[in-house]
Amino acid sequence: MLISLEELELHRVVVSETYASGALDYHGAEFKQLGPIKVSAAAELTGQEIHIQGHIGGRLWTECDRCLTKVEMPVERDFDLYYRPLKAIAREEEVEVPADELNVGFFSDSGIALEEVVAEQVILSVPMKVVCRVDCRGLCPVCGADRNRVNCGCATRQSGAESPFSSLLEP
Ligand SMILES: [Zn+2]
Ligand SMILES: [Zn+2]
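Read in order, the letters of the sequence shown are residues 4 to 174 in the working numbering.
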């Protein structure tokens, strides 16, 4: 859905959309949408910029960084963004966005594609590191077993006998 500049020039635009799994392009991100993602947002023109505020909600699954099991996680995120016209950069040639304005994007002549805003917010909602639980023991680096489920008994570097200091004790 396009939030068009034409319409914004007339009035504030309030939207509410639901995106089924597969409807949004996450640019190859390592998570999957689980059921619909819902968005409600309001957009308005402030000077030359489009100001869009709203909320996304839904569920995702991703993999635990340590043991690779699926981790289901909720997405609940508010956003408050400003988009500048792309042609403004062409004029200023180089735009340095101040650190406190990192939530500034750019839009082309016609307006903003809501799908892109939502996909970006979903991507931003996923933490860099995801673990299934804080004490996840991960996969055994020797045999690949899930150490949360089995005690494979492999000697790993964490065990006393093979600690990096053990060689210092040898005669
Ligand atoms: Zn895990
Ligand atoms: Zn093992």
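Every residue, glycine too, gets a C-beta built ideally from N, C-alpha and C. Keep in mind the model is a prediction, meaning the values are calculated, not measured.
Residue i by DSSP, collapsed to three states: which one?
i, result
"Val121", "helix"
"Arg152", "coil"
"Ser113", "coil"
"Leu71", "coil"
"Glu9", "helix"
"Leu89", "helix"
"Glu165", "Residue placement at Glu165 cannot be trusted, given a pLDDT of 48 that sits under 50; the coordinates are not used to answer."
"Leu37", "coil"
"Leu127", "helix"
"Tyr22", "strand"
Are residue i and residue j close, meaning C-beta to C-beta below 9 Å?
i, j, result
"Val17", "Val42", "no"
"Ile40", "Val120", "no"
"Ser113", "Leu8", "yes"
"Leu84", "Glu20", "no"
"Met76", "Val129", "yes"
Going by C-alpha distance, which of the options is nearest residue i?
i, options, result
"Leu71", "Glu33, Lys90, Glu47", "Glu33"
"Val107", "Gln51, Ala26, Leu11, Leu13", "Gln51"
"Lys73", "Met4, Leu5, Cys139, Asn154", "Cys139"
"Ala46", "Leu63, Leu5, Glu79", "Leu5"
"Gly31", "Thr65, Ser111, Arg80", "Thr65"
"Val145", "Val134, Ala158, Val137", "Ala158"
"Leu37", "Leu63, Arg87, Asp68", "Leu63"
"Pro88", "Asp81, Ile115, Glu79, Cys67", "Ile115"
"Phe82", "Val153, Phe110, Phe109, Ala44", "Ala44"
Heavy atom of ligand 2 less than 8 Å from the Cβ of residue i, yes or no?
i, result
"Cys143", "yes"
"Ala32", "no"
"Ala122", "no"
"Ala44", "no"
Is residue i a contact residue of ligand 1, with contact defined as CB to any heavy atom under 8 Å?
i, result
"Cys2", "Lying before the first or after the last residue shown, residue 2 is absent from the chain, which here runs from 4 to 174."
"Cys157", "no"
Examine the Cβ distances between the segment 112 to 128 and the segment 48 to 61 and report whether three or more of them are shorter than 8 Å.
yes
For the 8 Å Cβ check, are there 3 or more pairs between the segment 19 to 33 and the segment 74 to 94?
no
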